[in-house]
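*Asks:* With this note's numbering applied, the sequence shown corresponds to residues 466 to 760, in that order.
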Amino acid sequence: MNVNGKIKHPLADWFIRLFKGFMIGFGGIVPGLSGGVLSVILGVYDRMMSFLGNIRKDFLKNVKYFFPIGIGGVLGIVFFAGIIEAAFGTYAALFTALFIGFVAGTFPSVYRTAGKHGRVRSDWATLLIAAAFVFVLMLLGEQNFTQVEPNIIVWLLSGAIVALGFIVPGLSPSNFLIYFGLYDKMASGIKNFDFMMLIPFVIGAVISIMLFAKFVNFLFTKYYSKMYHIILGLIIGSSLGIFPTVIFPAFNTENLAAMQMSFVVAITVSILMFIIGIVISYFFGKLEEKYSPEE
């Protein structure tokens, strides 16, 4: 079915949303990235926050829309929990470069979304402050934090922090878990379906969403331009911050030996991965233009 030059195909739209959820789940579990940022980039954040902020409104319609996104998100988290530690341990720079390429390729659409209601000088100031803040925060995060012994309370709080990463774009909760020595334990718990970890973790996530989603939705409704330019700043700052905190440290002698690459080869492959990420995001954008979302 052709609507306004676009093909309306429910099955294709369903799988597109499944893939979006998969990518959002990926962003939610990968250090330095944010499920919230990915939901903005993939065009589902506004509707998600509107739904969470007023669950009763269009409940069945929203459940139908977000069902494949939810499935994809769970699949993304579970799938990457099993490989992320090993992949980002040995090939941190390569995988991160791929994903930064994906973000870079979709940045123009986020920029257009932020300016949908116009821009003023204070929006640019907000963007720069947000970018500088998250960049400095990531640099400071390179310091060693206290290692925390996991227990039910810790997993409740961890779930709450991870959930915030999905409703506050730019916040990378996985980084906090790494700083406190909990990331590898979380990934292992998800991979092995450890319910002693999963149950309090999920409860903490649900409580966090219930407490904060409505407030965040209010901010985006009342201060749309400012909030979106804050997101833009967080995306820019966190993307730039990944280079000195993840990519550059990965090119040490030990990691290069583990990757069996020279410094020049590793840099070259990282650049290629970055370009591949941009190409993937470009074609994904074209696919999304071809198949209009099913409302």
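Built from N, CA and C at the ideal position, the CB exists for glycine as well. Nothing here was measured: the structure is a model prediction, and the numbers come from that model.
#1: Considering only C-alpha positions, which residue in the set 738, 625, 739 and 716 is nearest to residue 729?
#2: Decide if residue 710 is buried, meaning its Cβ has at least 16 other Cβ atoms within 10 Å, or exposed.
#3: Residues in the same chain with beta-carbon distance under 8 Å from residue 599, minus the five sequence neighbours each way, listed in chain order, please.
#4: Could you check how far apart the C-beta atoms of residue 492 and residue 740 are, in whole angstroms? I think they sit under 8 Å.
#5: Could you check what DSSP says for residue 540 in three-state terms: helix, strand or coil?
#6: Answer yes or no: do residue 579 and residue 690 have a C-beta to C-beta separation smaller than 8 Å?
#7: Rounded to the nearest angstrom, how far is the Cβ of residue 743 from that of residue 569, given a contact under 8 Å?
#8: Could you check which residue in 581, 718, 712 and 747 has the C-alpha nearest to that of residue 736?
#9: Could you tell me the distance, in whole angstroms, from the CA atom of residue 604 to the CA atom of residue 597?
#10: Across the region 532-546 and the region 661-669, are there enough close Cβ pairs to call them in contact, namely three or more that are closer than 8 Å?
#11: Mind listing, in chain order, the continuous alpha helix (DSSP H) runs of no fewer than 4 residues lying wholly within the region 563-591?
#12: Compute the distance between the beta-carbons of residue 615 and residue 650, then report whether it is under 8 Å.
#13: Leaving out the 5 sequence neighbours to the left and right, which residues in its chain are closer than 7 Å to residue 617 when beta-carbon positions are compared?
#14: Can you list, in chain order, the residues of its chain whose CB lies under 7 Å from that of residue 723, leaving out five sequence neighbours each side?
#15: Classify residue 616 as helix, strand or coil using the three-state DSSP reduction.
#16: Could you give the distance in angstroms between the alpha-carbon of residue 714 and the alpha-carbon of residue 708?
#17: Classify residue 487: buried if its beta carbon has 16 or more other beta carbons within 10 angstroms, exposed otherwise.
#18: Less than 8 Å between the C-beta atoms of residue 695 and residue 590, yes or no?
#19: Of all the options 516, 499, 484 and 479, which has the alpha carbon lying nearest to the alpha carbon of residue 681?
#20: Applying the 10 Å Cβ sphere with the 16-neighbour rule, what's the burial state of residue 485?
#21: Determine the DSSP secondary structure at residue 529, reduced to helix, strand or coil.
*Replies:* For this structure:
#1: Position 264 of the sequence shown, counting from 1, holds the residue named residue 729. Between residue 729 and the set 738, 625, 739 and 716, the nearest pair of CA atoms involves 716.
#2: Taking the first residue of the sequence shown as 1, we reach residue 710 at position 245. Residue 710 is buried by the Cβ-count criterion.
#3: On the sequence shown, position 134 is the one that residue 599 refers to. Cβ-Cβ distances below 8 Å link residue 599 to 635, 698, 699, 702, 703 and 706 in the same chain, with the five nearest sequence neighbours on each side left out; the list follows chain order.
#4: Start at 1 with the first residue of the sequence shown, and residue 492 comes out as number 27. Start at 1 with the first residue of the sequence shown, and residue 740 comes out as number 275. That belief does not hold up - the Cβ atoms of residue 492 and residue 740 are roughly 20 Å apart, past 8 Å.
#5: On the sequence shown, residue 540 is found 75 positions in, with the first residue counted as 1. DSSP places residue 540 in helix when its eight states are reduced to three.
#6: The count along the sequence shown starts at 1 and reaches residue 579 at position 114. The count along the sequence shown starts at 1 and reaches residue 690 at position 225. In contact: residue 579 and residue 690 (Cβ atoms closer than 8 Å).
#7: Along the sequence shown, one-based indexing puts residue 743 at 278. Along the sequence shown, one-based indexing puts residue 569 at 104. Confirmed, Cβ separation roughly 6 Å.
#8: Working through the sequence shown from its first residue, we reach residue 736 at position 271. For residue 736, the nearest C-alpha among the options comes from 712.
#9: Sequence index remark: in the sequence shown, residue 604 carries index 139 (1-based). Sequence index remark: in the sequence shown, residue 597 carries index 132 (1-based). Cα-Cα distance, rounded: 11 Å.
#10: No, because fewer than three Cβ pairs between the region 532-546 and the region 661-669 fall closer than 8 Å, the two stretches do not touch.
#11: With a minimum length of 4 residues, no continuous alpha helix (DSSP H) run stays inside the region 563-591.
#12: For the purposes of this step, residue 615 is taken as the residue at position 150 of the sequence shown. For the purposes of this step, residue 650 is taken as the residue at position 185 of the sequence shown. For residue 615 and residue 650, yes; Cβs fall inside 8 Å.
#13: One-based indexing of the sequence shown puts residue 617 at position 152. So the qualifying residues of the chain are 665.
#14: By 1-based counting over the sequence shown, the position of residue 723 is 258. Taken in chain order, the residues that qualify are 555.
#15: Mapped onto the sequence shown, residue 616 falls at position 151. In the structure shown, residue 616 sits in coil (DSSP, three-state: anything other than H, G, I, E or B).
#16: Counting from one through the sequence shown, the residue named residue 714 turns up at place 249. Counting from one through the sequence shown, the residue named residue 708 turns up at place 243. In this structure, the alpha-carbon of residue 714 lies about 8 Å from that of residue 708.
#17: Here the question's residue 487 lines up with position 22 in the sequence shown. The residue in question, residue 487, is buried, as its Cβ has 16 or more Cβ neighbours within 10 Å.
#18: Here residue 695 is taken as the residue at index 230 of the sequence shown, counted from 1. Here residue 590 is taken as the residue at index 125 of the sequence shown, counted from 1. Their beta carbons are not under 8 Å apart, which means residue 695 does not touch residue 590 by this criterion.
#19: Residue mapping note: residue 681 aligns to position 216 of the sequence shown, counting from 1. Ranked by how close their Cα comes to the Cα of residue 681, the residues 516, 499, 484 and 479 have 516 in first place.
#20: One-based indexing of the sequence shown puts residue 485 at position 20. Buried: at least 16 other Cβ atoms inside 10 Å.
#21: Numbered from its first residue, the sequence shown carries residue 529 at position 64. Secondary structure of residue 529 (DSSP, three-state): helix.
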